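**Q** When you number the sequence shown by UniProt numbering, it's gap-free, plus one each residue, and the end is 798. In this text, a Cβ means the ideal position worked out from N, Cα and C, and glycines have one as well. As the structure is a prediction and not an experimental result, all values here were calculated from the model.
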Amino acid sequence: MDKVPEDIRNYLMEAHQLAGQWSLPNNRGNHTNSKSIPLKSVSVIGGGTMGRGIAMAFSLAGFKTILVELNQQSFQAVENCKKELEITYAREKTFKRLNDSKIEKLRNTLQITTDFQKLKNCDLVSYLEEFIIYGSYTSSEAVATAFEACRSIKKLPVLVGNCPAFVFNRLLGVYLNQSQKLMYEYGYLPHQVDKFITNFGFLMGPLTVADMNGLDVMEKLKKENGWPASDFEKEVWRQKRYGRKTNKGYYKYDPKTHKKEVDMEMEQLIEKFSKQARPNIQILNDQDAVNFLLYPMFNEGLLCIEEGIIDHENLIDIMFILGFGWPVSTGGPMMFGHQQGIEKVASTLILWSSLEPTNRIYKKMDKVPEEVRNYLMEAHQLAGQWSLPNDRGDHTNSEASEINSVAIIGSGTMGKAMAICFCLAGLDTFLVVRSEQKCLKELESMYATEKAFKRLNDARIEKIKSKLQITTDLEKLNDADLVIESVFEDLKLKKELFTKLDKICKSSCIFGTNTSSFNLDDISNVLKDPSRLVGLHFFNPANVIRLVEVVYGSKTSSTAIATAFEACETIKKLPVLVGNCPSFVFNRLLHVYFNQSQKLMYEYGYLPHQIDKIITNFGFLMGPLTVADMTGFDVMEKLKKENGIEPNELEKEMWRQKRYGRKTNKGFYKYDEKTQRKEVDSEMEQIIRRFSQNAKPNIQILNDQDLINFMLYPTINEGFLCIEEGVISHESLIDIMFILGFGWPIHTGGPMRFGKTEGIEKVANTLIHWNSLEPNDHVYMVANKFKNVDKKNMSSNL
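#1: Thinking C-alpha only, which one of Gly-619, Lys-663, Ile-688 and Phe-620 is nearest Glu-649?
#2: If we count the other Cβ atoms within 10 Å of its Cβ and call it buried at 16 or more, is Pro-389 buried or exposed?
#3: Ignoring anything shorter than 3 residues or poking outside the segment 507-540, list the beta strand (DSSP E) runs there in chain order.
#4: Work out the CA separation of Leu-322 and Gly-243 for me, nearest whole Å.
#5: Which residue from Phe-498, Asn-280, Ile-318 and Ser-692 puts its Cα closest to that of Ser-353?
#6: To the nearest angstrom, report how far apart Pro-541 and Val-42 are at their CA atoms.
#7: Give me the DSSP bridge partner(s) of Gln-469.
#8: Helix, strand or coil for Asn-404? Go by DSSP, reduced to three states.
#9: Which residue marks the beginning of the beta strand (DSSP E) containing Pro-575, and which one marks its end?
#10: For the alpha helix (DSSP H) containing Glu-603, name the first residue and the last one.
#11: Could you tell me the distance, in whole angstroms, from the CA atom of Leu-501 to the CA atom of Ile-699?
#12: For Leu-712, report the span of its alpha helix (DSSP H) as first-last.
#13: Round the Cβ separation of Glu-603 and Ser-692 to the nearest angstrom and send it over; I've been treating them as touching at under 8 Å.
#14: Quick one: is Ala-695 buried, meaning 16 or more other Cβ sit within 10 Å of its Cβ, or exposed?
#15: Tell whether a beta-carbon distance below 8 Å holds between Glu-261 and Tyr-251.
#16: Where does Tyr-137 fall in DSSP's three states?
#17: My assumption, with CB atoms under 8 Å, is that Phe-534 sits in contact with Ile-561. Please give the rounded CB distance.
#18: Would you list the one or two residues that DSSP bridges to Lys-64?
#19: Which residue's Cα is closest to the Cα of Ile-45: Met-56, Val-174, Thr-257 and Cys-722?
#20: Enumerate, from N- to C-terminal direction, the unbroken alpha helix (DSSP H) stretches of 4 or more residues contained entirely within the segment 378-424.
#21: Quick check on the DSSP output: the alpha helix (DSSP H) that includes Leu-474 runs from which residue to which?
#22: The alpha helix (DSSP H) that contains Gln-339, what's its start and end?
#23: Within 10 Å of its beta-carbon, does Tyr-89 have 16 or more other beta-carbons around it, so buried, or fewer, so exposed?
#24: Skipping 5 residues on each side, what residues in its chain have a beta carbon closer than 7 Å to that of Asp-790?
#25: My parser needs the alpha helix (DSSP H) runs of 4 or more residues fully inside the segment 211-241; what are they?
#26: For chain C, is any of its Cβ atoms less than 8 Å away from the one on Leu-156?
#27: Do Phe-292 and Gln-178 have their beta-carbon atoms positioned less than 8 Å apart in this structure?
#28: Measuring only the C-alpha atoms, how far is Glu-215 from Trp-237?
#29: I'd like the span of the beta strand (DSSP E) that includes Glu-485, first residue to last.
#30: Between Ile-420, Phe-538, Asp-529 and Ala-567, which has its C-alpha nearest Ser-517's C-alpha?
#31: Which of helix, strand or coil does DSSP assign to Leu-12?
#32: May I have the straight-line CA-CA distance separating Gln-610 from Leu-600, to the nearest angstrom?
#33: Can you list, in chain order, the residues of its chain whose CB lies under 8 Å from that of His-395, leaving out five sequence neighbours each side?
#34: Rounded to a whole number of angstroms, what is the C-alpha to C-alpha distance between Lys-441 and Val-526?
#35: Do the segment 585-597 and the segment 701-712 make contact, defined as three or more Cβ pairs closer than 8 Å?
#36: Specify the secondary structure class of Gly-667 as computed by DSSP and reduced to three states.
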């Protein structure tokens, strides 16, 4: 009997009242204007434990109740069901939930049958749980009747929308999946997991619950819905470890008494799987393990609310208090998350997401302040109000060319992902590659991966295949309306390609280049009409990230820009117009960010995992050095050499050792050749110590906050320089680019808004001071925005 704090008691009472104030979407009816049909007779279909329990509830409430047994069409089925009911009556009497008079009432009012004809006069035919699910056609009368039926049998109805697993089982699925991971990834034994969860306050541990429910139910659900199952689950199913019903699951059970016992064979199975596992998320104690189970549940609840599946957090809480034995003293999973602190839970989930980026249950779920949300919405609208300089045209007076067919040139990951986007938008799409067979094989692999992440299904894959034509022949592009190259970042290669395309494609065709760094004018000068070349800088993975940098050169026409914007909007991407300069805007700021992270290593001796941890704790999805390894350090080598940019000594050493990141299994980290699992690289750490031991940096970094400022303040400064140079028109456009394209912590509003939140005077003062200490480092070349700050307002804490 918990001592429930008064605030939680009031919270749950409000939830109880709120549950009755239901409303269907799209003005389809609510609790105030919908009437239930009169109920006198009820039937329940299914004579299992659940069906019998529901039928008993209606019968005790005074309804004429028919229980339909489905197992077999025979007299014996009815007799078997009656025997099961008598066993249930005896057990319920032992627990004082039934007495002789109630049992007699049940025997007289509850009819058991296998004949569906007997249901023709029933007012309600149902398999009813403690929450009500509505579909797209469900009437308000049906919902009102369901609510009335629940109240009649003293149940609390909670309205939820229609989605896989609904709400309760959706959160429960996350909870049970996490409990399995504790076994097969971390080596926890079932009784250990159950013990720390019951110590936390739950009535039963997750693995005891799973054995009671039956693991065959999960097997059937996962197979029917195409949900991924772990190898551990598959082995449990193969051994028919379905829980109590087969006398073995996570525990073993005495066939006569059903007494639960530790199962040595199960423990050996766990040991076998966990020995091979290399989990990325650290669990050091019981509290870490509790958070590992409960934080993702809280996140899943917030996702359900965002998706409109359920209206309020406290409805989720009351469901888990009443339906699962959640510790009432915590108020439920959602209240627990708030008590832990939104920032703490969010930062933990963000960190886990960076460590396990393919695991959807760690999807970042920030609480975004309203003013930041409004700011980003305005930025989204502003992006569409583009304008070319020197009155060359804008969004109000420029028409896009009609796009019926698109061609993508380039067989890399980016090219294939771009082609998928256009196919899904319903456009006929050519994908020009070197080898058709190799490309087909790689596409099938992509489809499988995207299907596993629920971003594609069979129907969408078929649509892609019906719209996509793979070819090695450029001549087939003669009638394409839009051609985008996505070949390797090699200026000579790109110029040769556009020289050929200029002879093949029709004069109205718009050319796009996916270059991330080259001057557009250097590419367009090979065209007879350079006005039809526009930069379309997609971000990797192109089928996921919603941002595209649309780049104009000195000759790019407003028609080309309008067409590029139209193409982006067709494939549901946000286009942002930027001018022509080295690396454009996004990569220009990103290079500053990455260069600062390198300085932290070769000047200050910070190790890659230390930098990445500080940055992910701040709220980024991934640290800069993890990102650099994913992108590939060979790209930076080629760009710096071609543009005559002097690399630092650490970069030269990494290039000499072919430390190009994941693609060579070593970069700032090392990677397992088979699993690609990231590990700390002692050799890299020795290189860093060798360079940093003789370094004498002038700028002081004393703590984590200093490190964050060292990385972000110059990035903000570079953004202001871009605006001053006229390369981009508004600060908020830089912010929306980094929110959508880089996983910048959304609650800060982006780099430029973060700078203003920090205080222009503080950032300016810091940068001016750093510039005086490092006058030859162009990164600290202060923007006029900061130079013009009145110096008497600057902080003196330097």
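**A** So, from the data block:
#1: Within the sequence shown, the letter at position 649 stands for residue 649. Taking only the C-alpha atoms, the option nearest Glu-649 is Ile-688.
#2: As a working note, residue 389 is residue 389 in the sequence shown. Exposed: under 16 other Cβ atoms inside 10 Å.
#3: 510-513 and 533-538
#4: Here residue 243 corresponds to residue number 243 of the sequence shown, with the count starting at 1. Here residue 322 corresponds to residue number 322 of the sequence shown, with the count starting at 1. Those two C-alpha atoms are separated by around 24 Å.
#5: Counting from one through the sequence shown, the residue named residue 353 turns up at place 353. Among Phe-498, Asn-280, Ile-318 and Ser-692, the Cα nearest to that of Ser-353 belongs to Asn-280.
#6: On the sequence shown, residue 541 is found 541 positions in, with the first residue counted as 1. On the sequence shown, residue 42 is found 42 positions in, with the first residue counted as 1. C-alpha separation (whole angstroms): 54 Å.
#7: Taking the first residue of the sequence shown as 1, we reach residue 469 at position 469. For Gln-469, the beta-bridge partners assigned by DSSP are Phe-430.
#8: As a position in the sequence shown, residue 404 is number 404, starting the count at 1. Of the three classes helix, strand and coil, the one that applies to Asn-404 here is coil, per DSSP.
#9: Within the sequence shown, the letter at position 575 stands for residue 575. Segment 574-578, the beta strand (DSSP E) holding Pro-575.
#10: Sequence index remark: in the sequence shown, residue 603 carries index 603 (1-based). The continuous stretches of alpha helix (DSSP H) do not include Glu-603, and DSSP gives it neither H nor E.
#11: Mapped onto the sequence shown, residue 501 falls at position 501. Mapped onto the sequence shown, residue 699 falls at position 699. Approximately 51 Å, taken between the alpha carbons.
#12: As a working mapping, residue 712 is identified with position 712 in the sequence shown. Leu-712 -> alpha helix (DSSP H) spans 704-724.
#13: Here residue 603 corresponds to residue number 603 of the sequence shown, with the count starting at 1. Here residue 692 corresponds to residue number 692 of the sequence shown, with the count starting at 1. Right, the Cβ-Cβ distance comes to about 6 Å (below 8 Å), so this counts as a contact.
#14: For the purposes of this step, residue 695 is taken as the residue at position 695 of the sequence shown. By the 10 Å Cβ count, Ala-695 comes out exposed.
#15: Within the sequence shown, the letter at position 261 stands for residue 261. Within the sequence shown, the letter at position 251 stands for residue 251. In contact: Glu-261 and Tyr-251 (Cβ atoms closer than 8 Å).
#16: Numbered from its first residue, the sequence shown carries residue 137 at position 137. Tyr-137 carries a coil assignment under DSSP once its states are collapsed to helix, strand and coil.
#17: Along the sequence shown, one-based indexing puts residue 534 at 534. Along the sequence shown, one-based indexing puts residue 561 at 561. For the sequence presented, residue 534 should be read as Val rather than Phe. Contact flag correct, Cβ pair sits at about 6 Å.
#18: On the sequence shown, residue 64 is found 64 positions in, with the first residue counted as 1. Its beta-bridge partners are Ser-41.
#19: Taking the sequence shown and counting its residues from 1, the one referred to as residue 45 is at position 45. The residue with the shortest Cα to Cα distance from Ile-45 is Met-56.
#20: Listed in chain order, they are 413-424.
#21: On the sequence shown, residue 474 is found 474 positions in, with the first residue counted as 1. Taken as a continuous stretch (DSSP letters only), Leu-474 belongs to no alpha helix (DSSP H), as it is neither H nor E.
#22: Locating residue 339 in the sequence shown gives position 339, counting from the first residue. Note, Gln-339: alpha helix (DSSP H), 333-340.
#23: Sequence index remark: in the sequence shown, residue 89 carries index 89 (1-based). So Tyr-89 counts as buried.
#24: On the sequence shown, residue 790 is found 790 positions in, with the first residue counted as 1. For Asp-790, the predicted model reports a pLDDT of 46, less than 50, meaning its position is unreliable and no value from the coordinates is stated.
#25: Qualifying alpha helix (DSSP H) stretches, in chain order: 215-225 and 231-238.
#26: Among the chains of the structure shown, chain C does not appear; only one protein chain is present.
#27: Your numbering for residue 178 matches position 178 in the sequence shown. Your numbering for residue 292 matches position 292 in the sequence shown. Between Gln-178 and Phe-292, the C-beta gap is smaller than 8 Å, which places the two residues in contact.
#28: Stepping through the sequence shown from its first residue, residue 215 is reached at position 215. Stepping through the sequence shown from its first residue, residue 237 is reached at position 237. Glu is not the amino acid found at residue 215; the sequence shown has Leu there. Near 8 Å, if we compare the C-alpha coordinates of Trp-237 and Leu-215.
#29: Residue 485 sits at position 485 when you count from the first residue of the sequence shown. Counting along the chain, the beta strand (DSSP E) containing Glu-485 begins and ends at 482-485.
#30: Here residue 517 corresponds to residue number 517 of the sequence shown, with the count starting at 1. Among Ile-420, Phe-538, Asp-529 and Ala-567, the Cα nearest to that of Ser-517 belongs to Phe-538.
#31: As a position in the sequence shown, residue 12 is number 12, starting the count at 1. DSSP, reduced to helix, strand and coil, places Leu-12 within a helical segment of the structure shown.
#32: Locating residue 610 in the sequence shown gives position 610, where the first residue counts as 1. Locating residue 600 in the sequence shown gives position 600, where the first residue counts as 1. When rounded, the distance between both Cα atoms is 10 Å.
#33: Indexing the sequence shown from 1 puts residue 395 at position 395. Gly-384, Gln-385, Trp-386, Ser-387, Ala-562 and Phe-565.
#34: Position 441 of the sequence shown, counting from 1, holds the residue named residue 441. Position 526 of the sequence shown, counting from 1, holds the residue named residue 526. Using only the alpha carbons, I get a separation of about 34 Å.
#35: Yes, they touch.
#36: Along the sequence shown, one-based indexing puts residue 667 at 667. Gly-667 falls in the coil class under three-state DSSP.
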